[in-house]
Amino acid sequence: MRYLIPIISLIGITLLIMLAKSLGNTDALSTETFRLLFIFNVLFIAALALLIAIQIFRLLNSIKKEVVGSKLTLRLVISFALMVIIPVSIVYLVSVNFLTKSINSWFDVKVESALEGGLSLGQKTLNILMRDIELKGRSIAYTIGNTSSDEKGMVLRDLREKFNLEEVVIYDKQLNILALSSANDSQIPVIPKYEDIERSTNNFYGVIEEVNDRILLRAYLPIISNKEIELRGTFLEIKQLIPNEITSLALSVESVYEDYNRLAYSRKSLNIIYTLTLTLVLMLAILSAVAISFVISRRFSEPLSQLAAATKEISKGNFKKIISEQGKKDELGLLVTSFNSMTKQLDSATQSAENNQHRLELSKMFLDKILTNLTSGVIVIDQDMKIRLHNPAGLQTLQLSRTKVKNKIIGDVLTKNNIYKPMLDFIYSYVQEKNTKKGFSQEFKILTNEKEKIIRVQVNSIKQDGDLNYILLFDDITEVTEGQRHQAWSEVARRLAHEIKNPLTPIQLSAERVEHKLKNKLNEVDKNILSKATHTIINQVNALKVMVNEFSDYARPTKIEKNSINIDLLINDVKDLYEAVDININYQQGPKNLFIFGDENKLRQVIVNLIDNAKDAMINIKNPRINIKIEEYKNQLHLIVEDNGTGVSKDIISNIFEPYVTSKSHGTGLGLAIVLKIIDEHNGNITIKNNKDMGTTVLIKLPLIENEKS
Amino acid sequence: MKFLKKNSIVVIFLFGSILNSLPLMASVKDIVVNNLSLAKEGKDLFVDFDQELYMSPDMINGLKNGIVLVFDINFVITKDIPYWFDDMILAKKSTYKIKYRNLLSKYEVININGDKEFFGDLLAALRYLKIIKKWHVGSLNGKEKKLLASLKIKLNKKYLPKPLQINIKDKIWDFQSEEITQYIEVEN
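Sequence lines, in order, name chains A and B. For the first sequence, my numbering assigns the number -16 to the initial residue and increments by one for each residue that follows. For the second sequence, my numbering assigns the number 4 to the initial residue and increments by one for each residue that follows.
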């Protein structure tokens, strides 16, 4: 399109120039080509109109499809086209009117009358001159007719000279020259036409001719002679040239008259041709203007369209859109440059924002990861007690793992059996007071699933954007507390062992000595009393020794000698010890031999202890039985000891591994505490729970040895 | 539309050619040429023919209004070359003229020999022009046995007033004869 319009314009101008040339009175272009040129011009205009129609159709189609910039292009096209069409149309109308009037003004009635009058005057002058010739001719013919043959030559010359004629000739019937007199002797007379002679047989006949740009009057008349027989049937030819002045004037008037008549005759054609040519020029000008307006409009609206399209792209978030500047240095070029600069800045800002966002996300992910991996539970609540943030450990600590808690009020979430009520009261009191004291904490005992958990809750407040939020830190300190308790018990046991064990032996020895010294000095009654008393002392001392030894065992750091142990063989060994006992011990072996790395004696002590406990729990129980089972689970040995005894009281089950916690009437209550200690020393884990119907199940988890599993 | 885009120039040419040839097809019997004959005297070739000019009243009116009618007689002898353009052996062009002299109230006729005559009426003038005898068209030196002679008489519009020359609406000035062709044999 960029080159098409100039080419079309060039062709159009060339065609118009050629058309105008062929209109002029010049032979530069053959007038024969006018018709072809005219047709070419018409076809060219038709082609241009078709091209514009296609452009309009495409433009309207673009508007229909809501192509950016098409409406602006249409407006510009209409504006540019109107800017040309209106003045050109006015010029056209004025020109056609002016031309028609100008052409019509050439044909004035007065001019026409004057020219006709001039021509008529010339004709009349020639007729008068012809009449004069006739008179002269009759006079000559009469004179010659009455003149003798010998004298007629001389008379003829005299008369010619007298009447100032050009040539006078006498012809006979055979057109032979009988006499001749000429002003120009060297000129040979031209034989007259037979028709002219025929017409002059009885009367005068005159002919007006143009010869060599001069008007010649030629007249014929018969010679009537009564005297000379030889002159009978002869005729006279008279030639008279019209004077140069009259000839040139007459011919000039005739020429102008003919020119005028020709022009008048061509007037209609002239009007049509000029009107058609002007119409062609008008059409070409208008269509060229419209075509050029398309190009200009497109060139004008293109940057704006690109700007609009780019703006659309940017609104969609594509900040990479850059408009080609094409070296324009006008306001549009400046606009495009500014737009590109703005886009680059936006892109840069967006990039920066994205980077910041990415960093924020990374930070958030990092924080999330920290929170996720944090063993302490974290829950953030706002002033309305709604949960804003939490970590898995928080939910796990509060046994809310399967609950969606975000944006829920913490009080609505922690409603389980009112076990969290004290904790909630503590949190509420902190929040309601809008307390900002740091490290505000309290420990709560939560009993769930027959197990007591000790949870420490710490509340901290943070202020963000004017809003107060509260960070709740939940720590399950059950194990820590238990550990501390075990450590305390160990210390107590050690001190007891140390403080009690030392005086026991002197007491025992003293009692035995007293008995030995006094046994023979007392009567039978006193002797018996002494003996009972000393035996009691010795028995109690022994009992104390047993207790102190157990305490000592519990408190003493044990020395463990670890070896690879086939757990199956160990259980069978222990089981064999109880063959004599009237209790059914079922041992369910595992699918294969399982090995653990540990102290065989200690582990044997564990199993024995568990069986003893079970046995004690099944006194007065019909069909007592103990089921022992081993399983392999995730590289761990699961040793399960199950009985159908009375079970453990709910009051003590949560503290069952603590020293002196026992439901039995005898014993020190250190058995399970020692078991727990041994299992801990083997990096294992032990749990006790009451069965649903009756009895207890003890589960011990110990790490397996990889290379000896098979 | 794609066809027009690709072939617009061809279409314009074809359309123009058809339009341009329409008037030629429409006016072939304005001048009737009869009795065309060729005579050879030595190397000189002479042509005889009769012509009838059927002038329309508009044309006569134009003549009376000072329009000069100049007729071109084109005589061409060509040699037919198979599968190629014809070879022009001889070409001769002569003109005759008819003009009405308002001053003299006569038709001025100049024949192909340049002889000027005045006639009181048009019929006499046309009669004067009707018979062309011994029109010397040139010399033939070749020994070609079969040549094609063609003759055409046409009003030369160049001498018409410009508006009439270029008036595409008015066809009366497209005044011409058919092209009369005749095979001739030339032997020395």
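Ideal placement from N, C-alpha and C gives every residue a C-beta, glycine not left out. Computed from a predicted structure; not experimentally measured.
Among the residues of its own chain, which have a CB less than 8 Å from the CB of N38(B), if the five just before and after it don't count?
Here residue 38(B) is taken as the residue at index 35 of the second sequence, counted from 1. Result list for N38(B): D51, F52, D53, in chain order.
Could you give the distance in angstroms between the alpha-carbon of T670(A) and the alpha-carbon of A516(A)?
The count along the first sequence starts at 1 and reaches residue 670(A) at position 687. The count along the first sequence starts at 1 and reaches residue 516(A) at position 533. One C-alpha to the other measures close to 44 Å.
Taking the alpha-carbon positions, what's the L151(B) to E178(A) distance?
Residue numbering aside, residue 151(B) sits at position 148 when the second sequence is read from its first letter. Residue numbering aside, residue 178(A) sits at position 195 when the first sequence is read from its first letter. Approximately 41 Å between the Cα atoms of the pair.
Mind reading off the beta-carbon distance from S208(A) to G128(A)? Whole number of angstroms is fine, and I expect it under 8 Å.
Position 225 of the first sequence holds residue 208(A). Position 145 of the first sequence holds residue 128(A). So it is a contact: roughly 4 Å between Cβ atoms.
Under 9 Å Cβ-Cβ, which residues of chain B neighbour Q157(A)?
As a first step, residue 157(A) is located in the first sequence; it is residue number 174 there, counting from the start. Under the 9 Å cutoff, chain B gives no residues; its nearest Cβ is about 23 Å from Q157(A).
At the level of alpha carbons, what is the spacing between S24(B) and L(-1)(A)?
Here the question's residue 24(B) lines up with position 21 in the second sequence. Here the question's residue -1(A) lines up with position 16 in the first sequence. Annotation note: pLDDT 45 at S24(B) (below 50); position unreliable, coordinate value reported separately. Spanning the two alpha carbons is a distance of roughly 22 Å.
Go ahead and pull the three-state DSSP assignment for N186(A).
Indexing the first sequence from 1 puts residue 186(A) at position 203. Correct three-state label for N186(A): coil.
Could you compute how far the alpha carbon of A292(A) sits from the alpha carbon of T83(A)?
Numbered from its first residue, the first sequence carries residue 292(A) at position 309. Numbered from its first residue, the first sequence carries residue 83(A) at position 100. The alpha-carbon atoms of A292(A) and T83(A) are separated by roughly 53 Å.
What does I39(A) touch in chain E if you count any residue whose Cβ is under 7 Å from its own?
Of the chains in the structure shown, none is chain E; the protein chains are A and B.
Simplified DSSP assignment, three categories, for Q523(A)
What you label residue 523(A) is simply residue 540 of the first sequence in a count that begins at 1. Reduced to three states, the DSSP call for Q523(A) is helix.
Those runs of the alpha helix (DSSP H) which lie wholly inside the segment 28 to 86 of chain B and span at least 4 residues:
60 to 67
Please return the same chain residues whose Cβ sits closer than 6 Å to the Cβ of I534(A), not counting the five positions on each side in sequence.
Sequence index remark: in the first sequence, residue 534(A) carries index 551 (1-based). In the sequence under discussion, the amino acid at residue 534(A) is Phe, which differs from the Ile named in the question. Here the set comprises A476, L479, A480.
Can the beta-carbon of I636(A) be found closer than 7 Å to that of V644(A)?
On the first sequence, residue 636(A) is found 653 positions in, with the first residue counted as 1. On the first sequence, residue 644(A) is found 661 positions in, with the first residue counted as 1. It is not a contact, given that the beta carbons lie outside the stated cut-off.
With burial defined as no fewer than 16 other Cβ atoms inside 10 Å of the residue's Cβ, what is the status of M266(A): buried or exposed?
Reading the first sequence from its first residue, position 283 is the one you call residue 266(A). It counts as buried.
S249(A): contacting residues in chain B (beta-carbon distance under 7 Å)
The sequence position of residue 249(A) within the first sequence is 266, counting from 1. Residues of chain B passing the Cβ test: P164, P166, L167.
Going by CA-CA distance only, name the one from A336(A), D351(A), Y403(A) that's closest to K428(A).
Counting from one through the first sequence, the residue named residue 428(A) turns up at place 445. Measuring from the Cα of K428(A), the nearest candidate turns out to be Y403(A).
Among the residues of its own chain, which have a CB less than 6 Å from the CB of A494(A), if the five just before and after it don't count?
In the first sequence, counting from the first residue as 1, residue 494(A) sits at position 511. T517, I520, I521, listed in sequence order.
Measuring CA to CA, which of L200(A), L253(A), T217(A) is closest to I169(B)?
Taking the first residue of the second sequence as position 1, residue 169(B) is located at position 166. Answer by Cα proximity: L253(A).
Have a look at the DSSP bridge pairing and note the partners of S444(A).
Here residue 444(A) refers to the residue found at position 461 of the first sequence. DSSP, once it has assigned bridges, lists Y453(A) as partnering S444(A).
Whose C-beta lies closer than 6 Å to the C-beta of S20(B) among residues of the same chain, with five residues either side of it excluded?
Walking along the second sequence from the start, residue 20(B) turns up at place 17. Confidence at S20(B) is low in this model, with a pLDDT of 44, below 50, so the placement of that residue should be treated as unreliable; the coordinate-derived value is given next. If we look at S20(B) and ignore the five residues flanking it on each side, it has no Cβ neighbours.
Below 7 Å on C-beta distance, what does G100(A) contact in chain B?
Your numbering for residue 100(A) matches position 117 in the first sequence. Ordered by position in chain B, no residue passes the 7 Å Cβ test against G100(A), which lies about 13 Å from the chain.
Looking at the secondary structure, which residues open and close the alpha helix (DSSP H) in which E285(A) lies?
Numbered from 1 along the first sequence, position 302 holds the residue referred to as residue 285(A). Segment 250 to 298, the alpha helix (DSSP H) holding E285(A).
Just the C-alpha distance for Y103(B) and N68(B), rounded to the nearest angstrom, thanks.
Position 100 of the second sequence, counting from 1, holds the residue named residue 103(B). Position 65 of the second sequence, counting from 1, holds the residue named residue 68(B). Rounded to the nearest angstrom, the two C-alpha atoms are 8 Å apart.
Counting only Cβ pairs nearer than 7 Å, list the residues of chain B close to Q170(A).
Translated into the one-based positions of the first sequence, residue 170(A) becomes position 187. Correct list: empty, because the minimum Cβ distance to chain B is about 18 Å.
With H, G and I counted as helix, E and B as strand and the rest as coil, what does DSSP make of D551(A)?
In the first sequence, the residue the question calls residue 551(A) occupies position 568. D551(A) falls in the helix class under three-state DSSP.
From M113(A), Y188(A), V67(A), pick the residue whose C-alpha is nearest to that of V273(A); which is it?
Here residue 273(A) refers to the residue found at position 290 when the first sequence is read from its first residue. It is V67(A) whose Cα lies nearest to the Cα of V273(A).
Exposed or buried, what is I134(B) when buried is set at 16 or more other beta-carbons lying within 10 Å of its beta-carbon?
Position 131 of the second sequence, counted from the first residue, corresponds to residue 134(B). Looking at its Cβ environment, which holds fewer than 16 other Cβ atoms inside 10 Å, I134(B) is exposed.
Identify which residue in V239(A), I(-9)(A), K54(A), T541(A) has its Cα closest to the Cα of E95(A).
Locating residue 95(A) in the first sequence gives position 112, where the first residue counts as 1. It is V239(A) whose Cα lies nearest to the Cα of E95(A).
Could you tell me whether the Cβ atoms of K54(A) and I46(A) are closer together than 7 Å?
Mapped onto the first sequence, residue 54(A) falls at position 71. Mapped onto the first sequence, residue 46(A) falls at position 63. Cβ atoms of K54(A) and I46(A): closer than 7 Å.
Taking 7 Å as the CB-CB limit, is I256(A) close to chain B?
Position 273 of the first sequence, counting from 1, holds the residue named residue 256(A). Yes, I256(A) counts as interfacial toward chain B.
Do the CB positions of F457(A) and V442(A) come within less than 7 Å of each other?
Locating residue 457(A) in the first sequence gives position 474, where the first residue counts as 1. Locating residue 442(A) in the first sequence gives position 459, where the first residue counts as 1. No; because the gap between Cβ atoms is not below 7 Å, this pair is not in contact.
I'd like the ranges of any beta strand (DSSP E) spanning at least 3 consecutive residues and lying wholly in the segment 293 to 360 of chain A.
none
Where does Y(-14)(A) land, buried or exposed, given buried means 16+ other C-beta within 10 angstroms?
Residue numbering aside, residue -14(A) sits at position 3 when the first sequence is read from its first letter. Exposed, since its Cβ has fewer than 16 Cβ neighbours within 10 Å.
Would you kindly check if the distance between the Cβ of I156(B) and the Cβ of F74(B) is under 7 Å?
The residue labelled residue 74(B) in the question sits at position 71 within the second sequence. The residue labelled residue 156(B) in the question sits at position 153 within the second sequence. Yes, these two residues count as a Cβ contact at 7 Å.
My assumption, with CB atoms under 8 Å, is that K82(B) sits in contact with S142(B). Please give the rounded CB distance.
Here residue 82(B) is taken as the residue at index 79 of the second sequence, counted from 1. Here residue 142(B) is taken as the residue at index 139 of the second sequence, counted from 1. That belief does not hold up - the Cβ atoms of K82(B) and S142(B) are roughly 15 Å apart, past 8 Å.
8 Å Cβ cut-off: residues of chain B touching Q223(A)
Sequence index remark: in the first sequence, residue 223(A) carries index 240 (1-based). The premise fails here: Q223(A) is roughly 15 Å from chain B at the closest Cβ pair, so nothing lies under 8 Å.
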